[in-house]
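Engineer: Structure provided below as structure tokens; questions to follow.
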Amino acid sequence: MDFSGIYKPSFAIAFLFLGLCLVYFTQCEVVQKKVGNGIIKTKVIPTKEFNKIIVAGSIEMVITHGDSIKVTCEADSNLIKEVQVFREGNALNCGINMGTYQFTKCLITIEIPNLRAIDQSGSGTLRYDGVVPSDSLDFVKSGSGTSELIIEHKYLKIEQSGSGDISLKGNVQDFSLDKSGSGSLDGPAVDIHNFQVKMIGSGDSKVGNIHEMTITKSGSGEFFYKNCKKINNLSKEESGSIKKVLEVNFFIRINFPHFYLYLYRLNQ
274 MDFSGIYKPS
284 FAIAFLFLGL
294 CLVYFTQCEV
304 VQKKVGNGII
314 KTKVIPTKEF
324 NKIIVAGSIE
334 MVITHGDSIK
344 VTCEADSNLI
354 KEVQVFREGN
364 ALNCGINMGT
374 YQFTKCLITI
384 EIPNLRAIDQ
394 SGSGTLRYDG
404 VVPSDSLDFV
414 KSGSGTSELI
424 IEHKYLKIEQ
434 SGSGDISLKG
444 NVQDFSLDKS
454 GSGSLDGPAV
464 DIHNFQVKMI
474 GSGDSKVGNI
484 HEMTITKSGS
494 GEFFYKNCKK
504 INNLSKEESG
514 SIKKVLEVNF
524 FIRINFPHFY
534 LYLYRLNQ
């Protein structure tokens with residue numbers, strides 16, 4: 274029996290069905306996308322005490338010191354209802370409802386007297402001002418977002434993964450860094466007393482003066498430091514390097530008709 278006449282229409286119907294499905298889902302995606310109207314609305318969000326912040330998505334966040342807790346959201350008036358801020362246990366959760374949104378602005382500002390931990394994920398930006406008085410801070414970061422931390426703490430712990438970068442300023446006594454992925458940690462002016470480092474992946478790290486350091490490193494990422502008095506248990510694998518940064522200062526003296534250039538290399 275010849276079934277060729279049956280199979281050919283069946284394949285044609287199947288391809289037609291797949292094409293209709295593709296058009297349908299494409300149209301649904303366009304319909305679901307909501308665009309901000311550019312009219313920025315400010316909303317103060319009442320909440321009880323918390324000492325940890327969890328933020329996800331494409332939110333811009335600024336954390337500063339305040340005598341009391343104050344949480345403010347600024348976003349497009351037609352989309353601000355999609356921004357979710359709620360307290361669960363001792364943590365304040367900040368995120369955006371499921372869907373496709375194009376905000377003109379989506380900023381959450383948090384004033385807080387004391388903070389212990391921050392957990393950031395997604396593609397948003399975060400700025401933390403270390404005037405928040407606290408002996409210690411735990412910072413967990415994943416995703417592609419960027420972070421700026423101004424720290425003045427006795428203890429600092431950072432767990433960094435993904436492609437997002439961290440900019441670090443200030444001083445810390447004890448610093449524990451667990452780093453993976455391609456994101457960088459940039460803190461060339463940060464002074465550290467005791468530094469525990471574990472690096473995996475291709476992301477680079479830069480810090481300033483270190484009193485004592487223990488480092489375990491694998492992957493292609495490079496580690497740069499300004500000065501270190503003591504290095505313990507140095508372990509390095511693969512292609513990445515551990516380098517001491519050389520400070521180079523240029524001094525120029527002009528004495529007509531001659532021109533003199535003096536080059537001094539410091540911290541060799």
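Per the numbering used here, the sequence shown starts with residue 274, numbered consecutively. Glycine included, each C-beta is placed from N, C-alpha and C at the ideal position. Being a predicted model, the structure only gives us computed values, none of them experimental.
Can you give the Cα-Cα distance for F448 and G362, rounded to whole angstroms?
Structural biologist: Along the sequence shown, one-based indexing puts residue 448 at 175. Along the sequence shown, one-based indexing puts residue 362 at 89. Computed Cα separation, rounded: 27 Å.
Engineer: For the pair the segment 460-474 and the segment 486-493, tell me if three or more CB-CB distances fall below 8 Å.
Structural biologist: yes
Engineer: Below 6 Å, is the gap between the Cβ of G443 and the nearest heavy atom of the ligand GTP?
Structural biologist: The model on display carries no ligand, and the ligand GTP is accordingly not part of it.
Engineer: Counting Cβ pairs, one atom from each stretch, are 3 or more of them under 8 Å apart for the segment 346-356 and the segment 405-414?
Structural biologist: no
Engineer: Closest by CA to G456, which one among N467, F468, K479?
Structural biologist: Taking the first residue of the sequence shown as 1, we reach residue 456 at position 183. For G456, the nearest C-alpha among the options comes from K479.
Engineer: Alpha carbons only, please: which of R360, G476, L422, S434 is nearest the one belonging to G443?
Structural biologist: Numbered from 1 along the sequence shown, position 170 holds the residue referred to as residue 443. Of the listed residues, the one whose Cα sits closest to G443 is L422.
Engineer: My understanding is that L458 touches I439, with C-beta atoms under 8 Å, so please give their C-beta distance in whole angstroms.
Structural biologist: Here the question's residue 458 lines up with position 185 in the sequence shown. Here the question's residue 439 lines up with position 166 in the sequence shown. That pair is a contact at about 5 Å.
Engineer: Determine the extent of the beta strand (DSSP E) in which D447 is found, giving its start and end residues.
Structural biologist: Within the sequence shown, numbered from 1, the residue matching residue 447 stands at position 174. D447 -> beta strand (DSSP E) spans 439-452.
Engineer: On a CA-only basis, which of I383, K354, H466, Q393 is nearest M369? Give me that one, please.
Structural biologist: In the sequence shown, the residue the question calls residue 369 occupies position 96. Rather than Met, the amino acid found at residue 369 in this sequence is Ile. I369 has its Cα closest to that of K354, out of I383, K354, H466, Q393.
Engineer: Should N528 go down as buried or exposed, given a rule of 16 or more other Cβ atoms within 10 Å for buried?
Structural biologist: To locate residue 528, count along the sequence shown from 1; it is residue 255. Note that N528 scores a pLDDT of 49, beneath 50, so its modelled location is shaky and nothing firm can be said.
Engineer: Looking at the structure shown, is I332 part of a helix, part of a strand, or coil, going by DSSP?
Structural biologist: In the sequence shown, counting from the first residue as 1, residue 332 sits at position 59. In this structure, I332 counts as coil in the three-state DSSP scheme.
Engineer: Look at the alpha carbon of I465 and the alpha carbon of G481, and state the distance between them as a whole number of angstroms.
Structural biologist: Taking the first residue of the sequence shown as 1, we reach residue 465 at position 192. Taking the first residue of the sequence shown as 1, we reach residue 481 at position 208. Roughly 8 Å between the two C-alpha positions.
Engineer: Measuring straight from C-alpha to C-alpha, what distance separates Q446 and N500?
Structural biologist: As a first step, residue 446 must be located in the sequence shown, where it is residue number 173. As a first step, residue 500 must be located in the sequence shown, where it is residue number 227. Pairing Q446 with N500, the inter-Cα distance amounts to about 15 Å.
Engineer: Would you kindly report the start and end of the unbroken beta strand (DSSP E) that includes I312?
Structural biologist: Taking the sequence shown and counting its residues from 1, the one referred to as residue 312 is at position 39. Where I312 is concerned, there is no enclosing beta strand (DSSP E), given that its DSSP letter is neither H nor E.
Engineer: Are the CB atoms of V344 and I383 within a distance shorter than 7 Å?
Structural biologist: Mapped onto the sequence shown, residue 383 falls at position 110. Mapped onto the sequence shown, residue 344 falls at position 71. In contact: I383 and V344 (Cβ atoms closer than 7 Å).
Engineer: Rounded to whole angstroms, what is the Cα-Cα separation between S453 and G476?
Structural biologist: In the sequence shown, residue 453 corresponds to position 180, counting from 1. In the sequence shown, residue 476 corresponds to position 203, counting from 1. Between S453 and G476, the C-alpha separation is close to 7 Å.
Engineer: So what does DSSP say about E355, is it helix, strand or coil?
Structural biologist: Sequence index remark: in the sequence shown, residue 355 carries index 82 (1-based). The answer is helix: DSSP assigns E355 an H, G or I state.
Engineer: On the criterion of 16 or more Cβ atoms from any shown chain inside 10 Å, does S514 qualify as buried, or is it exposed?
Structural biologist: The residue labelled residue 514 in the question sits at position 241 within the sequence shown. Label assigned to S514: exposed.
Engineer: Quick check on S341: buried or exposed, where buried means 16 or more other Cβ atoms within 10 Å of its Cβ?
Structural biologist: Against the sequence shown, residue 341 aligns to sequence position 68. The residue in question, S341, is exposed, as its Cβ has fewer than 16 Cβ neighbours within 10 Å.
Engineer: So what does D459 bridge to, in DSSP terms?
Structural biologist: As a working note, residue 459 is residue 186 in the sequence shown. D459 is bridged to S440, K479.
Engineer: Buried or exposed: which applies to L388, given that a residue is buried once 16 or more other Cβ atoms fall within 10 Å of its Cβ?
Structural biologist: In the sequence shown, the residue the question calls residue 388 occupies position 115. Around the beta-carbon of L388, 16 or more other beta-carbon atoms lie within 10 Å, marking it buried.
Engineer: For the beta strand (DSSP E) that contains E421, what are its first and last residues?
Structural biologist: Here residue 421 is taken as the residue at index 148 of the sequence shown, counted from 1. Note, E421: beta strand (DSSP E), 419-433.
Engineer: Going by C-alpha to C-alpha distance, which of G435, E495, L429 sits closest to V463?
Structural biologist: As a first step, residue 463 must be located in the sequence shown, where it is residue number 190. When each option's Cα is compared against that of V463, the closest is L429.
Engineer: Closest to E333 by CA distance: which of G339, I381, S407 is it?
Structural biologist: As a working note, residue 333 is residue 60 in the sequence shown. If we check each option's Cα against that of E333, I381 comes out closest.
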